[in-house]
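Chains as they are written, first to last, in the UniProt record's numbering: chain A, 1 to 109; chain B, 1 to 109.
Glycine is no exception: its CB is placed at the ideal position from the N, C-alpha and C atoms.
Predicted, not measured: the structure shown is a model, and the values here were computed from it.
2 protein chains.
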Amino acid sequence: MSVNNHLRDVFDAIADPTRRRLIRLLAEAEEIPLHELTAQFQMGRTAVSKHLTILKEAGLVLDRKVGRETRFRLNASPLREIQDWLAFYSKFWSTNMLRLNQLLEEEEE
Amino acid sequence: MSVNNHLRDVFDAIADPTRRRLIRLLAEAEEIPLHELTAQFQMGRTAVSKHLTILKEAGLVLDRKVGRETRFRLNASPLREIQDWLAFYSKFWSTNMLRLNQLLEEEEE
DNA sequence: ATTATAAGACACCTTTCGGTGTCGTGTCAA
DNA sequence: TTGACACGACACCGAAAGGTGTCTTATAAT
Numbered sequence: 001m002s003v004n005n006h007l008r009d010v011f012d013a014i015a016d017p018t019r020r021r022l023i024r025l026l027a028e029a030e031e032i033p034l035h036e037l038t039a040q041f042q043m044g045r046t047a048v049s050k051h052l053t054i055l056k057e058a059g060l061v062l063d064r065k066v067g068r069e070t071r072f073r074l075n076a077s078p079l080r081e082i083q084d085w086l087a088f089y090s091k092f093w094s095t096n097m098l099r100l101n102q103l104l105e106e107e108e109e
Numbered sequence: 001m002s003v004n005n006h007l008r009d010v011f012d013a014i015a016d017p018t019r020r021r022l023i024r025l026l027a028e029a030e031e032i033p034l035h036e037l038t039a040q041f042q043m044g045r046t047a048v049s050k051h052l053t054i055l056k057e058a059g060l061v062l063d064r065k066v067g068r069e070t071r072f073r074l075n076a077s078p079l080r081e082i083q084d085w086l087a088f089y090s091k092f093w094s095t096n097m098l099r100l101n102q103l104l105e106e107e108e109e
């Protein structure tokens, strides 16, 4: 129900550094209009808007029109999928495993 | 030391579903040669090899030559970066926040 | 000695990505 | 009511992504 109807893979959505910066900005404020977000980047409004569309398709962002501006806000819950995915592998990076891998790495060179 | 010298962004490396499947396969075995990994996919050897190169560049995979085959194994520790990144946002998907966002979502449509 | 296997190294192709600029329209301000 | 602003919707572009096939070389197996 209302989850997993996403057209866009969440892993794909967070792959781009610009989009991760957008997520960060939106996490630090309730709601931010497009022109204000755009001001934080060097690229143009169209590019930022495209990134926000991708985040929307992944369910990571919601938007609403207020007057002539479009305001965006974060919806972090789809990130849970990443966390679930990670949980499976966390057993591989216990401090002991890390040390072991480093040793094997050096051994091979 | 030996960390963060990666040519490739870890977020980028795990964005592709084929690469995530490779990671999963490598998590379930000690070491797997390329031809055996290739057998698990529909695409050709060259494509699989390219994906493994990308995983290597992100530090997620190690390889060594044994006879005529190249064997790969997982090095999960770079995934820690993803976990650290996620940790910051986990406060946004507490069950209360999730319910609130769902309500706001419905309200807007 | 010969043949089959494993894989690196390329060249190549099509599609997607990440950006640009422009045009048209609704909204707010003077 | 005129002008500035915010934005969506395109069309467009170069570069990167994700595949393919082929050639060559090293290693194993017969």
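At least 8 Å separates the CB of residue 72 of chain A from every CB of chain B. By the neighbour-count criterion, in which a residue is buried when 16 or more other Cβ atoms sit within 10 angstroms of its Cβ, residue 88 of chain B is exposed. The beta carbon of residue 70 of chain A sits closer than 7 Å to the beta carbons of 33, 34, 63 from its chain, once the five residues preceding and following it are set aside; these are given in chain order. When the alpha-carbon of residue 15 of chain B is set against those of B/82, B/90, B/66, the nearest one is in B/82. Collapsing the DSSP output to three states places residue 63 of chain B in a strand.
Collapsing the DSSP output to three states places residue 28 of chain B in coil.
The alpha-carbon separation between residue 90 of chain B and residue 5 of chain B amounts to approximately 27 Å. Close to residue 79 of chain A, with beta-carbon spacing below 7 Å, are these residues of chain B in chain order: 86, 89, 93. Under the Cβ distance rule, residue 42 of chain B does not count among the residues neighbouring chain A, no pair being separated by less than 8 Å. Here residue 8 of chain B has 54, 57, 58 as same chain residues with Cβ atoms under 7 Å from its own Cβ, once five neighbours each way along the sequence are excluded. By the Cβ neighbour-count rule, residue 19 of chain A is buried, with 16 or more other Cβ atoms within 10 Å of its own. Nearest C-alpha to residue 80 of chain B among B/45, B/21, B/39, B/60: B/60. Taking every protein chain shown into account, the CB of residue 78 of chain B has 16 or more other CB atoms within 10 angstroms, so this residue is buried. One finds nothing in chain B with a Cβ atom closer than 7 Å to the Cβ of residue 54 of chain A; even the nearest lies about 12 Å away. Judged by DSSP secondary structure, residue 88 of chain B falls within the alpha helix (DSSP H) whose first and last residues are 79-89. Under the criterion of beta carbons closer than 8 Å, residue 27 of chain A and residue 92 of chain B qualify as touching, at roughly 7 Å. Under the DSSP definition of a beta bridge, residue 70 of chain B partners with B/65. By the rule that beta-carbons nearer than 8 Å mark a contact, residue 29 of chain A does not touch chain B. Listed as beta-bridge partners of residue 33 of chain A by DSSP are A/71.
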